[in-house]
Amino acid sequence: MAGEGNSAYGHRKFTRSRSHFRDRVTADGRGGWPVAADRYRLVVSRACPWASRAVISRRLLGLEDALSMAVADPIQDDRSWRFTLDPDGRDPVLGIRFLAEAYERREADPAGGVSVPALVDIPSGRLVTNDYQQLTLDFATEWTALHRPGAPDLYPADRRDEIDEVMAGVYEDVNNGVYRAGFASGQREYEEACVAVFRRLELLAERLSGQRYLVGDTLTEADIRLFTTLVRFDAVYHGHFKCNRWKLAENPVLWAYARDLFQTPGFGDTVDFDHIKRHYYQVHSGINPTGIVPLGPDLGGWLSPHHRQELGGRPFGDGTPPGPVPPGERVAPEGRPA
Ligand SMILES: N[C@@H](CCC(=O)N[C@@H](CS)C(=O)NCC(=O)O)C(=O)O
1 MAGEGNSAYG
11 HRKFTRSRSH
21 FRDRVTADGR
31 GGWPVAADRY
41 RLVVSRACPW
51 ASRAVISRRL
61 LGLEDALSMA
71 VADPIQDDRS
81 WRFTLDPDGR
91 DPVLGIRFLA
101 EAYERREADP
111 AGGVSVPALV
121 DIPSGRLVTN
131 DYQQLTLDFA
141 TEWTALHRPG
151 APDLYPADRR
161 DEIDEVMAGV
171 YEDVNNGVYR
181 AGFASGQREY
191 EEACVAVFRR
201 LELLAERLSG
211 QRYLVGDTLT
221 EADIRLFTTL
231 VRFDAVYHGH
241 FKCNRWKLAE
251 NPVLWAYARD
261 LFQTPGFGDT
271 VDFDHIKRHY
281 YQVHSGINPT
291 GIVPLGPDLG
301 GWLSPHHRQE
311 LGGRPFGDGT
321 PPGPVPPGER
331 VAPEGRPA
């Protein structure tokens, strides 16, 4: 689990270990968890970048009908993620009040704590996996029988080496780099992380100055993973995590790239800036003791023209964009750009 929240503060260096529960749901069910419609529930927080990968990928692939989703309250308490946004504070499908209950059904006193995203087996109420690194790759490659018609190939076999290489740098310096900067407990550790964040972002901007997407000319898993950090950048990482050499909105290439994705069905329609801001600024009391949530930044810019289509590219390859967000899953107005 992440050395996140207060657990990180006792250490000199922020470290993130691999997720503890790493079972996989596969097409052939070889590990005991076969892909099946209506069998699993995806538990997320819209605040969490690791969970948001799964939310976006589920939308792009059209898994909504087969894999239902529970959205936790962005504010955790001492029992971690809660279903306080649901009637009676209970997830209507799993019947539990805390995600911890699904973890505890899997293992008493679960090692690594309780994190999102989590995939839960509905019949037994037990956690299957919290391995966010593998989960979306499995959505793309193992859950194909349940994809919508026209679903894109987010992890094309002939591009995997390149996708993996790009994602490794994005993970190390960007996805996780902002956390290393934000939770650093020493000046040097912070500076090293912050320098790496911006060095990598500059390389990525260079790459994206002449091509619309990170790998090939279509959307892939790599774009999803970069997007989830970029969309949080000015709202939380720039201020709260002190990644403030520049704002996303000050980098013409990355800002246009991020807006392009935001305006693509399946990306921006999953983003809840209200959940994002309240989670980071209120939960990480070690780095924001007052819990005050800033009013800015202005979100209007996310909807402005990006002109990235002039670079060509076929967002969904031979496929098509996903349809509208199912009514029960729409982000509330306070979380969206006006
Ligand atoms: N399972 C991943 C973590 C994904 C993650 O860090 N999720 C955060 C939210 S962004 C979480 O649930 N943290 C639990 C906590 O801090 O209590 C890991 O092991 O590193």
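End of the sequence shown sits at 338 in the UniProt record's numbering; the numbers just go up one at a time, nothing left out. Where is the CB? At the ideal position from N, CA and C, for every residue including glycine.
- Separation of Arg-245 from Leu-135, as counted between CA atoms: 33 Å
- Within its chain, find whatever has a CB closer than 6 Å to the CB of His-306; leave out the 5 residues flanking it on each side and keep chain order. Ala-256, Arg-259, Asp-260
- Query: Are the C-beta atoms of Leu-226 and some chain B residue less than 9 Å apart?
  - Reply: Here chain B cannot be found, since the structure has a single protein chain.
- Round the Cβ separation of Leu-299 and Ala-338 to the nearest angstrom and send it over; I've been treating them as touching at under 8 Å. 7 Å
- Task: Check the C-beta distance from Ile-56 over to Gly-216 and give it rounded, since I have them as a contact under 8 Å.
- Result: The Cβ separation is near 18 Å, so there is no contact.
- Message: Nearer than 8 Å: is that true of the beta carbon of Cys-48 relative to any heavy atom of ligand 1?
- Response: yes
- Reference Asn-251; option with closest CA among Ala-205, Phe-83, Pro-149, Asp-121: Comparing Cα positions, the closest option is Ala-205.
- Query: Does the Cβ of Tyr-132 lie closer than 8 Å to at least one heavy atom of ligand 2?
  - Reply: Because ligand 2 does not appear in the structure shown, any question about it cannot be addressed here, the ligands present being ligand 1.
- Can you have a look at Glu-221 and say buried or exposed, based on whether 16 or more other CB atoms are within 10 angstroms of its CB? buried
- Task: Select from Arg-39, Asp-164, Phe-241 the residue whose C-alpha is nearest the C-alpha of Gly-286.
- Result: Phe-241
- Check whether the Cβ atoms of Val-131 and Phe-21 sit closer than 9 Å, and answer yes or no. The question names Val, yet the displayed sequence has Asp at residue 131. A contact, by the Cβ cut-off of 9 Å.
- Query: Cα separation between Leu-146 and Leu-63?
  - Reply: The straight-line gap from Cα to Cα measures roughly 6 Å.
- Message: Under 8 Å, with one C-beta from each stretch per pair, do the segment 65-78 and the segment 31-40 reach the 3-pair mark?
- Response: At 8 Å Cβ cutoff, the stretches touch.
- Message: Can you look up Arg-82 in the DSSP assignment and give me helix, strand or coil?
- Response: strand
- Since I believe Trp-143 is in contact with Leu-42 (beta carbons under 8 Å), could you give me their beta-carbon distance rounded to a whole number of angstroms? Taking C-beta atoms under 8 Å as the contact rule, Leu-42 and Trp-143 fail to qualify, at a distance of about 11 Å.
- Task: Could you check which residue in Thr-141, Val-114, Gln-133, Gly-95 has the C-alpha nearest to that of Pro-123?
- Result: Gly-95
- Query: So which of Val-236, Arg-199, Thr-15, Arg-59 has the shortest CA-CA distance to Asp-153?
  - Reply: Arg-59
- What span of residues does the beta strand (DSSP E) with Val-114 cover, start to end? From DSSP, Val-114 is part of no beta strand (DSSP E); its letter is neither H nor E.
- What is the rounded straight-line gap between the Cα of Val-170 and the Cα of Glu-192? 16 Å
- Take Arg-199 and list the residues in its own chain whose beta-carbon comes closer than 6 Å to its own, dropping the five residues that flank it on each side. none
- Query: Considering only residues of the same chain and omitting the five flanking positions on each side of Met-167, which have a CB-CB separation below 8 Å?
  - Reply: Glu-221, Ala-222, Arg-225, listed in sequence order.
- According to DSSP, is Thr-26 helix, strand or coil? strand
- Item | Local conformation of Ser-7 per DSSP, three classes | Below a pLDDT of 50, predicted positions are generally treated as unreliable, and Ser-7, at 39, falls in that range; the measurement from the model is reported next regardless. If DSSP states are grouped into helix, strand and coil, Ser-7 belongs with the helices.
- Pairwise C-alpha distance: Pro-110 and Thr-129: 12 Å
- Under the three-state DSSP convention, the category Phe-267 falls into: Three-state DSSP puts Phe-267 in coil, outside helix and strand.
- Using only the heavy atoms of ligand 1, determine whether one of them is closer than 8 Å to the beta carbon of Arg-18. Yes, the beta carbon of Arg-18 sits closer than 8 Å to at least one heavy atom of ligand 1.
- By Cβ distance below 7 Å, which residues in the same chain neighbour Gly-323 in space, the five residues on each side in sequence not counted? none
- Task: Can you tell me the Cβ-Cβ gap for Gly-312 and Arg-212, rounded? I've got them flagged as a contact below 8 Å.
- Result: Confirmed, Cβ separation roughly 6 Å.
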